[in-house]
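First residue of the sequence shown? That's 742 in this note's numbering, and the numbers climb one at a time after it. Some notes on the structure that comes next.
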Amino acid sequence: MSGNTEDQVIALAGVFQAAYLVDELAKKGTLGEEAFKTCLNSLLKVDVSNTIDAFGDRYGIQVGLRELIAVLEKQQNRSKTEMVRYALTLLYLEGKLRKRPDLLEVMGKRIQQVQTQTLHFEVTHSNIVGAFASLYKDTISTFPQRIQVTGDPKYLRVDENADKIRAILLAGIRAAVLWRQVGGRRWKLLFMRKQILQVARQLAN
């Protein structure tokens, strides 16, 4: 899949949306339901003709666009440090996953199984979220460098929250894969910051 800067920004917003939701859930125990649903649905859309289709439409990634803009404008405060760390680590782990065709095959087969489950359950149902969480543990969590989520222990200890966090991180990996497929590269975050910011603002309006 080839892409332009807009495609790259859309996928990158997906990464930042996942990072933001994980941070919010870990620290506050709350979750934006629509943004959460967008992340989970993106995992089921494995064969899309353009980037935005993975997220439904640009309104599905408004949370991610907002956070991406704040980071690029350097408006983020210390409370956003973990969110940025999660986002950058997701991009890093995508590179590791790319070199593991065995894990990619496992993910493809398991996603197909989850797609069948969604015929009987909503995508946010605990059975679906649990299946995504299990897939994350069996694949991404096997890498030496893992995403260490920090937050309030009273929220992190809740099994349902732990499953949601893993499912969201899996969606973040999906967005990172999409970002790479449409030409996203880490060096562009440094040298094309103004262009990325301009496109992100346009999409956020």
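All residues carry an ideal CB built from backbone N, CA and C; glycine is no exception.
- Annotation for Gln943: no residue places its beta carbon closer than 6 angstroms to its own, counting only its chain and skipping 5 residues before and after.
- In chain order, Leu844, Val847, Met848 place their CB closer than 7 angstroms to the CB of Thr880, counting only its own chain and leaving out the 5 sequence neighbours on each side.
- Per DSSP, Asn868 is one residue of the alpha helix (DSSP H) stretching across 867-879.
- In this structure, the beta-carbon distance from Met824 to Glu814 does not fall below 8 angstroms.
- Setting aside the 5 residues that flank it on each side, Leu938 is surrounded in the same chain by Leu813, each with a C-beta closer than 6 angstroms to its C-beta; the list follows chain order.
- Under the DSSP assignment, Met848 falls in the alpha helix (DSSP H) whose first and last residues are 842-858.
- The Cβ neighbour count for Ser783, taken over all protein chains shown within 10 Å, is at least 16; the residue is labelled buried.
- DSSP, reduced to helix, strand and coil, places Leu753 within a helical segment of the structure shown.
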